[in-house]
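To keep things clear, I will list the structure first and then write my remarks on it.
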Amino acid sequence: MTAVDPSTTAEDTAPDAGGDILAVAREQVLERGEGLSQEQVLAVLQLPTDRLNEALALAHDVRMRWCGPEVEVEGIVSLKTGGCPEDCHFCSQSGLFDSPVRAAWLDVDRLVEAAKQTAKTGATEFCIVAAVRGPDAKLMEQVRAGIAAIRAEVDINVACSLGMLTQDQVNELAGMGVHRYNHNLETARSHFPEVVTTHSWEERWETLQMVRAAGMEVCCGGIVGMGETLEQRAEFAVQLAELEPDEVPLNFLIPNPGTPFAHLEVPQGADALMTVAAFRLALPRTVLRFAGGRELTLGDLGAEQGMLGGVNAIIVGNYLTNLGRPAEQDLDMLETLKMPIKALNDTL
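FYI, the numbering for the sequence shown is 1 to 348, going by the UniProt record's numbering.
Set out below in C-alpha cells:
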C-alpha cells in the first residue's frame, strides 16, 4: 500500500477536470462545509486506487478545516458480556450463535479500575457497554452504581452503549449525567435485514432520536465489510449525515468464529481507506473515530494513513471481545503525527 506523504494537501493533488468528483468535493465540502450526497459519495468510493492518496489528502484538509487538529481518545469496557438475545450476524456476543464468548458481568470495582487505566492514556471518554437488546432494571442499577463510582474517582466523561431504550430509560441515563450514548445503525437501511433479523433498523433510529432530544451526544456508526455493496455503503454514509451524530465510529468487519459472517473476508486496506475518505467528505463536521477491526484491515501503516485521511478520534486498547493494539502504540502514533489529544475540559 502506498503511504500518504503528510505534507501533501488536496491543493497539491487537485485535478484540472471541472466535473471530477474530488474537484467538486473540494469546493462543496472543503470550502462550504456541505457534505456529499449519496451519488457523490458513491463516486468517491468508485475512484481507482491510484487516486486514493488524493482522496485522503482532501479528506484530511476537510477534517483540519471543519474539525481542527485535535484527536479524541476513548476507551471502552464491557459491563455485561455475551448472552445477548439478538442475532446481529457479526457479533460473537449473541447467545444464538455457537461462538466461544460466554455471558459474564463486570463488578463496579473493576469498572472503576478500567476507567482509571483509560484516563491514564489521556482519554477524555470512557464508554460502558452491555451486550443486550436493551437494559433491564438490574442493568440500569449497575450502570447507575458504576457511573457514580467512576465520577467519585476519575476525571473522565462517561458514555454508555446499552442497546435500544425506552423514553424512561433515556431520561434516566440523561439524569445520571451520561455524556454520550452509542447505538450503531451498523449498515445501510436497505442492507440491515441481511445483518439483523430480531429487530429493525427503525427501532435503532428511534432510540437515537430520543437520545438527541434528551440532550445527550449521539454516537452512531457501523461496520464496513458485511457484504454490502458500494451503493449501500454510500447510502449508509448519507443516512448517518441525516442523523447528524456527534460521533461516527467506523469499524471494519472481524469475521468472528461461530457467527454467520465468519466466512466473509477481511476488508482490503485500500477499500477501507477510500471508505474513510468518503465518510469524511459526507460528514465534514463530525467526529470520525477509528474503531474495531482496523488492526486486521489496515495494520500500522494503514492506521497512520487513516489518521492523515480524515479520522480525528480513536479507541485505544481492546474492543470488548476483540483485542486491539496496546494503547501506548496508538499514543506514540499520534505523537509521531503531531496530533494533539483533545483535553477533557474542551468536551464538556
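Quick reminder that beta carbons are idealized off the backbone N, C-alpha and C, glycines included. Keep in mind that this is a model prediction, so the values were computed, not measured.
Burial is judged here by how many other beta carbons sit within 10 angstroms of a residue's own beta carbon; ASP155 has fewer than 16 and is exposed. Per DSSP, GLU186 lies in no beta strand (DSSP E) and is assigned neither H nor E. Judged by their CB atoms, GLU235 and THR286 are not nearer to each other than the 8 Å cut-off. Counting of Cβ neighbours within 10 angstroms places PRO69 among the exposed residues, the total staying below 16. Each residue's CA atom was taken as its position, placing ASP50 and GLY134 some 44 Å apart.
In the displayed model, PHE252 falls within a strand according to three-state DSSP. Look at the segment 167-234 and you find these whole runs of beta strand (DSSP E), each 3 residues long or longer: 180-182, 217-219, 222-224. Counted as a single uninterrupted DSSP element, the alpha helix (DSSP H) harbouring PHE279 occupies residues 269-282.
In the structure shown, PHE236 falls within a helical segment according to DSSP collapsed to helix, strand and coil. For THR229, the closest alpha carbon among the candidates ARG26, GLN46, VAL24 is that of GLN46. By the criterion of at least three beta-carbon pairs nearer than 8 Å, the segment 272-284 is in contact with the segment 302-318. In this structure the segment 250-264 touches the segment 82-92; the number of beta carbon pairs closer than 8 Å is three or more. With contacts defined by Cβ atoms closer than 8 Å, ILE314 and ASP330 form a contacting pair. In this structure, the straight-line span from the alpha carbon of LEU106 to that of LEU79 is close to 5 Å. For the 8 Å CB-CB criterion, THR118 and ASN157 do not form a contact.
By the 16-neighbour rule on beta-carbons within 10 angstroms, GLN169 is buried.
Beyond the five residues adjoining it in sequence on each side, LYS342 comes within less than 7 Å, by CB distance, of GLU70, VAL71, GLU72, THR124 in the same chain, given in chain order. Counting every other CB atom within 10 Å of its CB across the protein chains shown gives ARG32 a total below 16, marking it as exposed.
According to DSSP, residue pairing for CYS84 in a beta bridge involves SER94. Considering only ALA152, ALA57, ALA213, CYS127, the residue with the shortest C-alpha distance to GLY75 is CYS127. For ASN312, the secondary structure class from DSSP, reduced to helix, strand or coil, is coil.
Of the candidates SER161, GLY122, VAL112, ALA137, VAL112 places its Cα closest to the Cα of ILE147.
Bridge pairing for SER161: VAL129 [DSSP]. Counting along the chain, LEU296 sits inside the alpha helix (DSSP H) bounded by residues 294-307.
Excluding five sequence positions before and after VAL41, the CB atoms of its chain that fall closer than 6 Å to its own CB belong to ALA234, ALA237, ALA278, ALA282, given in chain order. Under the DSSP assignment, ARG63 falls in the alpha helix (DSSP H) whose first and last residues are 52-66.
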